[in-house]
Amino acid sequence: MVKKILLVVLVAIIGQSAVYAQGAKVQAAGIAFYNLENLFDTIANNPLGRDLEYTPNGQNQWDSRKYINKLNNLATAISTFTTKMTPKGPAIIGVSEVENRGVLEDLVARPELKPWNLQICHHDSPDRRGIDVGLLYNPRYFKLENVTNHRLTAVPFATRDQMCVVGKLLGQRIAVIVNHWPSRLGGQEKSSPNREAAAALCLEIADSLWKVDPQIGVIIMGDLNDDPMDKSCAKVLGAKKDKKDVGEHAFYNPFWKMLDDGIGTLAYKSSWNLFDQIILSGNLVDAPEGQWSFLRSIVHNDDFLKDTEGTRQGYPRRTFASGSYLNGYSDHFPTEIILVRRVQPQK
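When we follow the numbering used here, the leftmost residue of the sequence shown carries the number -2, and every step to the right adds one.
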């Protein structure tokens, strides 16, 4: 316990840049997720016409000005994903609701993000709305090894694929599974089996990773369209509220207690949900000395991301509401976890 307290104090003092303290080097890394809320370009390039509302002549009159505003707003939001421990931003940022790779290329090229040199993982899903998940990473901290995409076939419609990205986080192998699970269309109870199937697919991916490398840390992130206590997360995925209940190849959900405390990432009719979760395997929770270990979870609910008036006061400030253009950011707040480790210096 004394060692753990010392580690937390050291990390809080030194920031992300590693320094030597009492013969050990302390490192911190951020892992974030952000639902970008319909990040579409202005071009009608979906063969089924699913993107027509996001064109200049479409319902949203989505022209270059609005698109650039959206990019600038999102880039500003992401540029604030910094802490005293990670002053240069997260190592990894999972994203959802992106139309194609091009919009991510436009996003990382914005002046606020360009210095981070973020690299892109993207894959076109068969989703009926034409949106995908993706992953951005800082090559200074994360070295990509491979990407696989997994189709959710156990539902009666086309939805987002799950993206599994494997690489080395400052030398230690981890896997990140990026998700956007099926919505609650038709009601939470009726649609729950679709998200339960998505959770089961995540488990299959994790098990396949551990068969090859039992030591790899696995992070499941995304807009899960369920809360931490719902069946898909708590029962099928088995993500626990308390760290003491988590085995090495099981899952811990650090956002469960945050929702218990009234902190959410999206709101509906004065009620908060926390759909935007980052869930990590037990070997990233109770980790051996020198391995990445969970420190804290964050909901980035800064005031500038919120509506300031009307019935949505305090909610995430979205791009459109009730048909009106608000020039906002997203209808979801971003989330992040911080990992830390001590590394002995080379002699």
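All residues carry an ideal CB built from backbone N, CA and C; glycine is no exception. Every value quoted in this text rests on a predicted model; they were computed, and no experiment measured them.
Helix, strand or coil at residue i according to DSSP, with G and I counted as helix
i	result
residue 251	coil
residue 300	helix
residue 190	helix
residue 332	strand
residue 45	coil
residue 142	strand
residue 278	strand
residue 178	coil
residue 243	coil
Cβ-based neighbour list, residue i, same chain, cut-off 8 Å, excluding 5 preceding and 5 following
i	result
residue 295	80, 332, 333, 334 and 335
residue 42	48 and 97
residue 171	163, 164, 165, 213, 214, 215, 216, 281 and 289
Backbone CA spacing between residue i and residue j [nearest angstrom]
i	j	result
residue 254	residue 40	42 Å
residue 256	residue 250	11 Å
residue 245	residue 340	21 Å
residue 293	residue 238	14 Å
residue 191	residue 258	28 Å
residue 202	residue 37	29 Å
residue 88	residue 137	8 Å
residue 64	residue 210	42 Å
residue 187	residue 222	13 Å
residue 227	residue 323	32 Å
residue 34	residue 208	35 Å
residue 298	residue 75	12 Å
residue 117	residue 178	21 Å
residue 70	residue 110	11 Å
residue 90	residue 134	6 Å
residue 233	residue 182	20 Å
Neighbour-count burial assignment, residue i, 16 or more Cβ in a 10 Å radius
i	result
residue 30	buried
residue 375	No statement about residue 375 is possible, as the shown extent of the chain runs from -2 to 344 and does not include it.
residue 265	exposed
residue 284	buried
residue 143	exposed
residue 52	buried
residue 169	buried
residue 154	exposed
residue 125	exposed
residue 45	exposed
residue 204	exposed
residue 268	exposed
Residue range of the alpha helix (DSSP H) that includes residue i
i	result
residue 68	61 to 76
residue 98	98 to 105
Start-to-end residues for the beta strand (DSSP E) that takes in residue i
i	result
residue 294	290 to 296
residue 220	214 to 220
residue 161	159 to 166
residue 118	116 to 119
residue 155	Note, residue 155: premise wrong, no beta strand (DSSP E); not H, not E.
residue 94	89 to 95
residue 356	With the chain covering only -2 through 344, there is no way to say anything about residue 356.
residue 130	129 to 134
residue 265	263 to 265
residue 268	268 to 270
Contacting residues, own chain, Cβ-Cβ under 7 Å from residue i (five flanking each side not counted)
i	result
residue 120	129, 146, 158 and 160
residue 338	24, 287, 288, 289 and 290
residue 309	318
residue 127	43, 47, 48 and 96
residue 67	36 and 316
Beta-carbon contacts of residue i that lie in its chain and below 6 Å, excluding the five residues immediately before and after
i	result
residue 385	Because the chain is modelled from -2 through 344, residue 385 falls outside the range shown and cannot be assessed.
residue 19	With a pLDDT of 46 at residue 19, under the threshold of 50, the modelled position of this residue cannot be trusted; read the value that follows with caution. Same-chain partners within the cutoff: there are none.
residue 149	156, 195 and 198
residue 271	224, 252, 256, 261 and 262
residue 73	109
Residue-chain proximity (residue i, chain C), Cβ-Cβ < 8 Å
i	result
residue 184	Protein chains in the displayed structure number just one, and chain C is not present.
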